[in-house]
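Data first, discussion second: the structure below is written as structure tokens.
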Amino acid sequence: MNERMKKLEGLMRSGRKALIPYFTTCYPGAAESLETFKALAAAGADCLEIGIPFSDPLADGATIQASSHRAIEAGGSLRQGLGAAGQLRSAGVEIPLIVFTYYNPVYRMGLMNFARKAAEAGADGVLVPDLPVEESGLLREALAAFDMGMVFLAAPTSTAQRLRYAQEHSTGFVYAVSVAGVTGARKSIAERLPAFIERVRQAGDLPVGVGFGVSDPEQAVEVAGCADGVIIGSAFIDAYEKGGPEAVGRLAGEIRTALDGAF
Numbered sequence: 022m023n024e025r026m027k028k029l030e031g032l033m034r035s036g037r038k039a040l041i042p043y044f045t046t047c048y049p050g051a052a053e054s055l056e057t058f059k060a061l062a063a064a065g066a067d068c069l070e071i072g073i074p075f076s077d078p079l080a081d082g083a084t085i086q087a088s089s090h091r092a093i094e095a096g097g098s099l100r101q102g103l104g105a106a107g108q109l110r111s112a113g114v115e116i117p118l119i120v121f122t123y124y125n126p127v128y129r130m131g132l133m134n135f136a137r138k139a140a141e142a143g144a145d146g147v148l149v150p151d152l153p154v155e156e157s158g159l160l161r162e163a164l165a166a167f168d169m170g171m172v173f174l175a176a177p178t179s180t181a182q183r184l185r186y187a188q189e190h191s192t193g194f195v196y197a198v199s200v201a202g203v204t205g206a207r208k209s210i211a212e213r214l215p216a217f218i219e220r221v222r223q224a225g226d227l228p229v230g231v232g233f234g235v236s237d238p239e240q241a242v243e244v245a246g247c248a249d250g251v252i253i254g255s256a257f258i259d260a261y262e263k264g265g266p267e268a269v270g271r272l273a274g275e276i277r278t279a280l281d282g283a284f
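Going by the working numbering, the first residue of the sequence shown is number 22, and it counts up by one from there.
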């Protein structure tokens, strides 16, 4: 694990509730998404998920699906997304960068080639939602050669063994999916979330970040009451539609302020 991911893990263990935004690279264009990532970092994000647009984003709801479609039309790709990571590093962004991508583009690029290019761009980790942890050995080996790791998903439907695997092989934190469904802003948080988070904690000792459904400062505080961080995507894309990078930065700042004020 590299130093930035170690720092993130330590931060989440210390009691600071991590804010981990997701945004689709090249949505609605390369320059616009780059400015949005910068706005998120400036607003107090502790880590950024760089979403790679894909034609069949099976884990994503309507909002991120639509953003992926527009991003692909604008030239978005795995190669472009890695380039964006490099541009963020050149612009002075120092927080961890996690590449969120489906497996097909990685496989096509070649596992070792992908790992090398990601490391050269300044990425710190990779999240591949359609690659089960049991099948991830070759990619984990390739990433480890460049001091990078993976973040794995844990779902309410995950078996105890799957939760143990996610804890054992994740880097920095485990990504707990709050619902048995796809991404997207929701009006309320699942009542069973605290019990599920406790199951994830019992499977290992990594911090737990929660995503899928968190949409505003109040929900972020509610989720952070039982988790170590909140992961938010669709709400930031919705905010972009209403007011561009500035609106995204405002929402991120409001969530950061709410988290800091509550814990």
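Using N, Cα and C, we set each Cβ at its ideal position, and we do this for glycine too. Remember, predicted model here, so these are calculated numbers, not experimental data.
Taking the CA atoms as reference points, GLY265 sits about 20 Å from VAL114. Of all alpha-carbon atoms in ALA165, GLY65 and ALA139, the one lying nearest the alpha-carbon of ALA105 is that of ALA139. THR45: member of the beta strand (DSSP E) spanning 39-45, first to last residue.
Fewer than three Cβ pairs drawn from the segment 172-186 and the segment 31-44 lie within less than 8 Å of each other, which leaves the two stretches out of contact.
The continuous alpha helix (DSSP H) containing LEU55 extends over residues 51-63. The three-state secondary structure of LEU227, taken from DSSP, is coil. Contact annotation, SER191 with MET169: C-beta distance approximately 12 Å; criterion of less than 8 Å not satisfied.
In the three-state reduction of the DSSP assignment, LEU280 falls in the helix class, which pools H, G and I. Nearest C-alpha to ARG213 among GLU243, ASP226, ILE276 and GLY254: GLU243.
With a cutoff of 8 Å on beta-carbon distance, ALA241 and VAL229 are scored as not near each other. Counting C-beta pairs with one atom in each stretch, the segment 87-98 and the segment 42-51 have three or more that are closer than 8 Å, which means they touch. Around the C-beta of GLU30, 16 or more other C-beta atoms lie within 10 Å, and the residue is accordingly described as buried.
Contact between the segment 154-169 and the segment 120-137 is present, with at least three C-beta pairs closer than 8 Å. When only Cα atoms are considered, ALA60 and GLU267 end up about 7 Å apart. For a cut-off of 8 Å, the C-beta gap from GLY50 to ILE73 is around 15 Å, too long to register as a contact. The alpha-carbon of ALA175 is positioned some 16 Å away from that of ILE253.
Between PHE217 and VAL195, the C-beta spacing is not below 8 Å. Annotation note: the segment 135-202 contains the following uninterrupted beta strand (DSSP E) runs of length 3 or greater, listed N- to C-terminal: 146-148 and 195-198. Taking VAL127 as the centre and dropping the five residues before and after it, the same chain places the C-beta of PHE135 closer than 6 Å to its C-beta, in chain order. Beta-carbon to beta-carbon, ALA273 and ALA64 are separated by about 4 Å, close enough to satisfy the 8 Å threshold.
In the DSSP assignment, LEU118 falls within the unbroken beta strand (DSSP E) covering 118-121. DSSP places ILE73 in the coil class of the three-state scheme, outside both helix and strand. Sorting ARG161, PRO153, GLU155 and GLU156 by C-alpha distance to the C-alpha of GLY146 places ARG161 at the top.
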